[in-house]
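Everything in the sequence shown is counted per full-length UniProt numbering, starting at 1 for the first residue and increasing by one.
Report on one structure; see the data block that follows.
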Amino acid sequence: MPNAPRRPIASHGRLPRRRGWATAATVVASALAVVLVSGTSVAAIAGAQLATAPHTVQLSKDDQNTAEVADITAIKGGANILLIGSDTRIGQFDSDEDVEGARNDVTILVHISQDHQQLTAVSFPRDLKVPIPACTNPQTGTTYPAASSELINESLGHGGVSCVVDTVENLTGLTIPYAGLITFDGVIEMSNALGGVDVCVAKPIDDTYTGLQLSAGQHTLAGQDALAFLRSRHGVGDGSDLARISSQQVFLSALLRKVTSDGTLSNPILLYKLAGAALSNMTLSDGLAQTRTLVGLASTLRGMSTSNMLFVQYPVVDDPADTAHVLVSQEPAHALNVALQQDQKTSLTDSTTGRASAEAPDAGGTPAAGSTPTPTEAPATGAPATGSSSAPATGGTAATSTPSATPLPSSITGQSASEQTCSVGN
1 MPNAPRRPIA
11 SHGRLPRRRG
21 WATAATVVAS
31 ALAVVLVSGT
41 SVAAIAGAQL
51 ATAPHTVQLS
61 KDDQNTAEVA
71 DITAIKGGAN
81 ILLIGSDTRI
91 GQFDSDEDVE
101 GARNDVTILV
111 HISQDHQQLT
121 AVSFPRDLKV
131 PIPACTNPQT
141 GTTYPAASSE
151 LINESLGHGG
161 VSCVVDTVEN
171 LTGLTIPYAG
181 LITFDGVIEM
191 SNALGGVDVC
201 VAKPIDDTYT
211 GLQLSAGQHT
221 LAGQDALAFL
231 RSRHGVGDGS
241 DLARISSQQV
251 FLSALLRKVT
261 SDGTLSNPIL
271 LYKLAGAALS
281 NMTLSDGLAQ
291 TRTLVGLAST
301 LRGMSTSNML
311 FVQYPVVDDP
321 ADTAHVLVSQ
331 EPAHALNVAL
341 QQDQKTSLTD
351 STTGRASAEA
361 PDAGGTPAAG
371 STPTPTEAPA
381 TGAPATGSSS
391 APATGGTAAT
401 STPSATPLPS
411 SITGQSASEQ
421 TCSVGN
């Protein structure tokens, strides 16, 4: 699959950054590592881990009420979970760190369809300017007035996890009853528990900011190397934050292929390590920090093909008044919002990989290292199998979706977890 044409390079994402955005590694992968196990196993694992989990946070009254009465397996219109990566351990409000200075440098909305046939993970760029509602900081008690246009990564400092949830709800028109805040330590622990994650590099990566140096080819990354890969911005694509998002999707897709492989799911010791690495590095909303919720979440994802797990970037355009920031691209954003609101089956069109990812050279033949494609997985994003759980087709033809998937606008970039892609250096 060819890369989408590059846009002119904007300066957003090139400003000095703290290392907190490295938390992206655990944003989707940590949660899925906990839930992609059998119902019996996840009950035992979740019960043991949640019994010692020190921190939970509250969302707004409406979101709390939804979480209290809802069965996550049967929410009308599907289940929505917001996963947040912070530049500190903020959200653990008995810490001594400054909540007011925290930023949600990683914000990913996970939508699980009501029929449990598709998962869509939407990444919101940290430099995106959006309306932020009035919020009260849970530690300082400071109330921030509503802002019509402010960086989305300021919302955590305004009012904690609940304010981030309210901001994304206003932006997308969705109800989000579950949320989790993740620390960057989970990157190291998760990758180590798996024995490393196999990633493909199309062009050499040489990033003096993170110290990451990778030649072209396959690499098994664990620990600090995995962290550096996910932190790398200057070493991938055009050096922007948008490029880093697509490079992170390469890693997360490879990780999910490994997590959902038979070798992982049939190993109870490894599953326990993965669950521990995830939950010990997460602060959960009250509704998510329930054994019944995690068990229910497991049941919604068991057997889901990685071809039906989509990573997409929320569509943006450069801010003409400030090239360090981006704005919502209104038409494609509306299409994505409506698709999520109506719980539509969706697919990505051709040529929609991000700024720093490309199809692996062997994607049409031998699977990339570490991948274990299932018979229902489509060979490329946008194939008809997206959103389908039907039996594998014969003769190499993808199974027909029922119902058929709605293609998202071509300006929306991303990939499915089944796609074998490579990160592109610069």
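Ideal Cβ placement from N, Cα and C applies to all residues, glycine included.
Predicted, not measured: the structure shown is a model, and the values here were computed from it.
Distance, residue j Cα to residue i Cα
{"i": "residue 222", "j": "residue 240", "result": "24 Å"}
{"i": "residue 69", "j": "residue 323", "result": "44 Å"}
{"i": "residue 335", "j": "residue 164", "result": "22 Å"}
{"i": "residue 258", "j": "residue 146", "result": "43 Å"}
{"i": "residue 384", "j": "residue 141", "result": "Since pLDDT at residue 384 reaches only 32, below the 50 mark, its modelled position is unreliable, and the value read off the structure follows with that caveat. The alpha-carbon atoms of residue 384 and residue 141 are separated by roughly 50 Å."}
{"i": "residue 134", "j": "residue 60", "result": "12 Å"}
{"i": "residue 282", "j": "residue 182", "result": "4 Å"}
{"i": "residue 211", "j": "residue 361", "result": "26 Å"}
{"i": "residue 424", "j": "residue 236", "result": "6 Å"}
{"i": "residue 122", "j": "residue 103", "result": "18 Å"}
{"i": "residue 343", "j": "residue 113", "result": "6 Å"}
{"i": "residue 422", "j": "residue 247", "result": "8 Å"}
{"i": "residue 329", "j": "residue 353", "result": "17 Å"}
{"i": "residue 193", "j": "residue 231", "result": "20 Å"}
{"i": "residue 157", "j": "residue 308", "result": "34 Å"}
{"i": "residue 271", "j": "residue 294", "result": "14 Å"}
{"i": "residue 274", "j": "residue 320", "result": "44 Å"}
{"i": "residue 310", "j": "residue 208", "result": "31 Å"}
{"i": "residue 138", "j": "residue 57", "result": "10 Å"}
{"i": "residue 214", "j": "residue 243", "result": "17 Å"}
{"i": "residue 277", "j": "residue 82", "result": "19 Å"}
{"i": "residue 302", "j": "residue 79", "result": "15 Å"}
Local Cβ density within 10 Å of residue i, reported as buried at 16 or more and exposed below that
{"i": "residue 65", "result": "exposed"}
{"i": "residue 153", "result": "buried"}
{"i": "residue 189", "result": "buried"}
{"i": "residue 263", "result": "exposed"}
{"i": "residue 74", "result": "exposed"}
{"i": "residue 91", "result": "Per-residue confidence for residue 91 stands at a pLDDT of 38, beneath the threshold of 50, marking its modelled position as unreliable; the derived number appears in the next sentence. Label assigned to residue 91: buried."}
{"i": "residue 269", "result": "exposed"}
{"i": "residue 225", "result": "buried"}
{"i": "residue 267", "result": "exposed"}
{"i": "residue 318", "result": "buried"}
{"i": "residue 331", "result": "exposed"}
{"i": "residue 400", "result": "Low per-residue confidence applies at residue 400: pLDDT is 36, beneath 50, and the placement is therefore not dependable, though the value from the model is reported in the following sentence. Residue 400 comes out exposed."}
{"i": "residue 105", "result": "buried"}
For residue i, the three-state DSSP class (helix, strand or coil)
{"i": "residue 407", "result": "strand"}
{"i": "residue 310", "result": "strand"}
{"i": "residue 217", "result": "strand"}
{"i": "residue 166", "result": "helix"}
{"i": "residue 129", "result": "strand"}
{"i": "residue 104", "result": "strand"}
{"i": "residue 179", "result": "strand"}
{"i": "residue 359", "result": "strand"}
{"i": "residue 60", "result": "coil"}
{"i": "residue 331", "result": "helix"}
{"i": "residue 340", "result": "helix"}
{"i": "residue 444", "result": "Lying outside 1 to 426, the shown extent of the chain, residue 444 is not represented and no answer is given."}
Integer Cβ distance of residue i from residue j, believed to fall under 8 Å
{"i": "residue 347", "j": "residue 405", "result": "4 Å"}
{"i": "residue 107", "j": "residue 199", "result": "That pair is no contact at about 23 Å."}
{"i": "residue 201", "j": "residue 217", "result": "6 Å"}
{"i": "residue 412", "j": "residue 312", "result": "6 Å"}
{"i": "residue 180", "j": "residue 288", "result": "6 Å"}
{"i": "residue 256", "j": "residue 300", "result": "Not quite, the Cβ-Cβ distance comes to about 15 Å (not below 8 Å), so this is no contact."}
Length at least 3, wholly inside the segment 220 to 287: the beta strand (DSSP E) runs in chain order: Fully enclosed beta strand (DSSP E) runs of 3 or longer: 282 to 285.
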